[in-house]
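Quick notes on the structure that follows.
Residue numbers (this note's numbering): 36 to 199.
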């Protein structure tokens with residue numbers, strides 16, 4: 036009887052050590068969608084010049100990585116060496132959800148575009164409250180950075196080459 040009890044206690048001890056307490060507790064099952072998957076937008080970083088700009092203008096975007104949850108960008112267009120447009124951009128993660136924030140000098144605060152799609156070297160951000168753009172898409176194809184701003188009626192593509 037003593038040996039049977041000792042054997043039973045040893046078996047229980049071994050089984051309890053092998054169990055994953057987080058998995059076995061009700062309401063704590065981990066799924067892939069619940070885990071925050073690290074996202075890397077480093078392909079966006081660098082200095083870029085628009086390749087498909089109209090004659091007489093030059094458009095640039097510069098992106099820097101601030102931290103694992105924030106990237107900072109600036110975009111501007113020059114015409115005859117004068118800045119004719121400028122925007123400040125931030126790609127930020129708050130509570131695991133990414134947003135693209137955009138601000139021109141005319142705006143008092145950033146306009147938020149929530150990220151709705153993200154895959155390797157591509158993302159899409161949406162703000163349906165605006166007339167234009169409602170959608171901003173960035174992607175990397177080879178050495179090029181591509182962006183498209185659009186709504187239901189209009190689509191403006193941007194193609195950038197790296198500045199060396």
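Every residue gets a Cβ at the ideal spot worked out from N, C-alpha and C, and that includes glycine.
Test item: CB-CB of residue i and residue j under 9 Å
i: residue 158; j: residue 135; result: yes
i: residue 229; j: residue 94; result: An answer regarding residue 229 cannot be provided, because it is not within the stretch 36 to 199 covered by the chain.
i: residue 199; j: residue 186; result: no
i: residue 176; j: residue 156; result: yes
i: residue 125; j: residue 112; result: no
i: residue 167; j: residue 85; result: no
i: residue 160; j: residue 172; result: yes
Environment of residue i [buried if 16+ CB atoms lie within 10 Å]
i: residue 96; result: buried
i: residue 165; result: exposed
i: residue 108; result: buried
i: residue 148; result: buried
i: residue 91; result: exposed
i: residue 131; result: exposed
i: residue 191; result: exposed
Bridge partners - residue i, DSSP secondary structure assignment
i: residue 180; result: 175 and 195
i: residue 100; result: 106
Unbroken beta strand (DSSP E) run spanning residue i, endpoints
i: residue 79; result: Neither: residue 79 is in no beta strand (DSSP E) and is coded neither H nor E.
i: residue 112; result: 105 to 114
i: residue 89; result: Unbroken run through residue 89: none, as it is neither H nor E.
i: residue 153; result: 146 to 154
i: residue 117; result: 117 to 129
i: residue 134; result: 132 to 138
beta-carbon residue i near the ligand NAD non-hydrogen atom, thresh 8 Å
i: residue 107; result: Absence of the ligand NAD is noted for the structure shown, with no ligands found whatsoever.
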